[in-house]
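Visitor: In our numbering, the protein residues as written are 1 to 207. In this text, a Cβ means the ideal position worked out from N, Cα and C, and glycines have one as well.
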Ligand code: G3H
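1. So, at 8 Å on beta carbons, what are the nonlocal neighbours of residue 18 in its own chain, with the 5 sequence-adjacent residues on each side left out?
2. Work out the CA separation of residue 171 and residue 193 for me, nearest whole Å.
3. Going along the chain, which residues of its own chain have a beta-carbon closer than 7 Å to the beta-carbon of residue 201, five neighbours each way excluded?
4. Assign residue 167 to one of two classes, buried (16 or more other C-beta atoms within 10 Å of its C-beta) or exposed (fewer than that).
5. Looking at residue 96 and the ligand G3H, is the gap between the Cβ and the nearest heavy atom below 8 Å?
6. Starting from the N-terminal side, write out each stretch of the alpha helix (DSSP H) that is 4 residues or longer and does not extend beyond the segment 4-75.
7. Any heavy atom of the ligand G3H closer than 8 Å to the beta-carbon of residue 56?
8. Sort 138, 137, 101 by Cα distance to residue 116 and report the nearest one.
9. Taking the alpha carbon of residue 69 as the reference point, which residue from 128, 152, 47 has its own alpha carbon closest?
10. Going by DSSP in three states, residue 142 sits in which element: helix, strand or coil?
11. Let me have the residue list for the ligand G3H: C-beta closer than 6 Å to any non-hydrogen atom, ordered along the chain.
12. Where does residue 55 land, buried or exposed, given buried means 16+ other C-beta within 10 angstroms?
13. Tell me whether residue 104 is buried or exposed, calling it buried when 16 or more other Cβ atoms sit within 10 Å of its Cβ.
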């Protein structure tokens with residue numbers, strides 16, 4: 001079973017380091033969505049045709065660019081980004097300045113830290129569990145379009161990464177993460193500056 005994970009394209013909040021919310025894609029994010037559409041077309045034999053995605057606008061706008069390439073699209077609120085509660089729609093700098101004690105608690109234990117009125121990574125890992133179980137029981141290849149923290153939580157289930165490492169896994173924007181048979185096979189940066197797709201980790205063939 002092949003699982004391809006990706007974050008939504010760059011949102012209007014990403015360059016400003018604003019946490020959460022429901023922003024639109026930025027121009028760069030829209031460009032990525034179009035590049036992703038071309039990538040799927042160029043690698044159509046290899047690419048999963050079943051898409052599962054979050055309900056947030058930035059994800060829906062990303063999926064909108066390639067929806068006609070998919071056989072099915074399932075929207076699940078269980079794939080919405082980590083709920084940062086009190087800290088939704090503020091920057092990390094504001095989080096530190098306004099709620100220093102909370103910021104420090106999170107820094108010390110990012111896995112179990114629960115935002116006031118929000119969630120922890122442990123909560124998120126449990127929230128995505130039913131989606132993962134459904135995918136595993138069906139055994140079909142899937143393309144999951146979601147968010148940074150959600151992609152980390154999904155990796156906890158699909159690859160069995162060490163739980164302590166989960167909140168720190170690097171999930172770059174505009175990059176596909178390929179998991180096959182429970183192992184992370186590699187990452188593909190889609191539509192880089194020279195418009196070519198770059199295989200970051202050369203351990204598989206995506207032709
Ligand atoms: O809140 C949204 C972010 O994608 C999660 O990032 O857990 O590294 O702060 P963070």
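Guide: In this structure, then:
1. These residues qualify, in order along the chain: 89, 90, 91.
2. Unreliable placement is indicated for residue 193, whose pLDDT of 41 sits below 50; no coordinate value is reported for it.
3. Its pLDDT being 49, under 50, residue 201 is placed unreliably in this model, and the value from its coordinates should be taken loosely. Within the same chain, residue 201 has close Cβ partners 186, 187.
4. The residue in question, residue 167, is buried, as its Cβ has 16 or more Cβ neighbours within 10 Å.
5. Not so, every heavy atom of the ligand G3H lies at least 8 Å from the Cβ.
6. Counting only runs of 4 or more, we get 27-42, 57-64.
7. Taking 8 Å as the cut-off, the C-beta of residue 56 does not count as close to any heavy atom of the ligand G3H.
8. Ranking 138, 137, 101 by Cα distance to residue 116 puts 101 first.
9. Proximity to residue 69 across 128, 152, 47 peaks at 47, based on C-alpha coordinates.
10. Of the three classes helix, strand and coil, the one that applies to residue 142 here is strand, per DSSP.
11. The filter returns 19, 20, 81, 82, 84, 147, 148, 149, 167, in chain order.
12. Result: exposed.
13. Exposed: under 16 other Cβ atoms inside 10 Å.
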